[in-house]
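Colleague: When the sequence shown is numbered by this note's numbering, its final residue is 1377 and no position is left out of the sequence of numbers.
C-beta: ideal position from N, C-alpha, C; glycine also.
There's a structure below that I have some questions on.
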Amino acid sequence: GAGKTSFTKGLAKGLGITDYVKSPTFTIVREYRHGRLPLYHMDLYRLEDGGAEDLGLEEYFEGDGVSVVEWPDFLGLSEPETYLMIHFQKDDNEDTTRHLEFVPFGQHYENLLESL
Ligand SMILES: Nc1ncnc2c1ncn2[C@@H]1O[C@H](COP(=O)(O)OP(=O)(O)OP(=O)(O)O)[C@@H](O)[C@H]1O
Ligand SMILES: [Mg+2]
């Protein structure tokens, strides 16, 4: 409940996606193809015992769309070489507040953060 799916809803809105974005927990991946760029929303929560490598998620990461991964710890060997990590932190006393920390891995995301 840190706000990962809520953040993704905002990202989808920014991409001009008008479909209702809901948590992909039971499907692992949801695809939204009607915005400026395709959005691939993944939730790997149910893969804590492994198995991410068998899903071929690399195809999403290597394509031209935007991939959002909740619970990326479970990607294993499928982890992309470059990505933007976003850490979400809840405030213990203030439920309407979230702290987000953006950490770039790779030049592309360093440039992106600088332009933000
Ligand atoms: N920035 C925010 N400010 C206030 N409330 C928020 C914020 N982000 C999310 N919430 C609220 O927190 C709750 C959980 O949010 P959300 O489902 O986005 O979390 P999540 O990190 O995707 O959770 P999960 O780990 O279950 O996938 C929702 O009720 C949502 O409205
Ligand atoms: Mg979620």
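Where does HIS1295 sit, in a helix, a strand or coil, going by DSSP?
Modeller: Looking at HIS1295 - three-state DSSP - the assignment turns out to be coil, as it is neither helix nor strand.
Colleague: Quick one: is the Cβ of ALA1273 within less than 6 Å of any heavy atom of ligand 1?
Modeller: It does not: the Cβ of ALA1273 is nowhere closer than 6 Å to a heavy atom of ligand 1.
Colleague: Return yes when at least one heavy atom of ligand 1 lies under 6 Å from the C-beta of LYS1351, else no.
Modeller: LYS1351 Cβ: outside cutoff for every heavy atom of ligand 1.
Colleague: In chain order, what residues of the same chain lie with their CB nearer than 6 Å to the CB of LEU1272, ignoring the 5 residues before and after it?
Modeller: Counting only Cβ-Cβ distances below 6 Å, and skipping sequence neighbours, we find nothing.
Colleague: Between the alpha carbons of LEU1305 and GLY1311, how many angstroms are there, rounded?
Modeller: Going by the C-alpha atoms only, they are around 10 Å apart.
Colleague: Compute every distance between the C-beta of THR1288 and the non-hydrogen atoms of ligand 1, then say whether any falls below 6 Å.
Modeller: No, since every heavy atom of ligand 1 falls outside the 6 Å radius drawn around the Cβ of THR1288.
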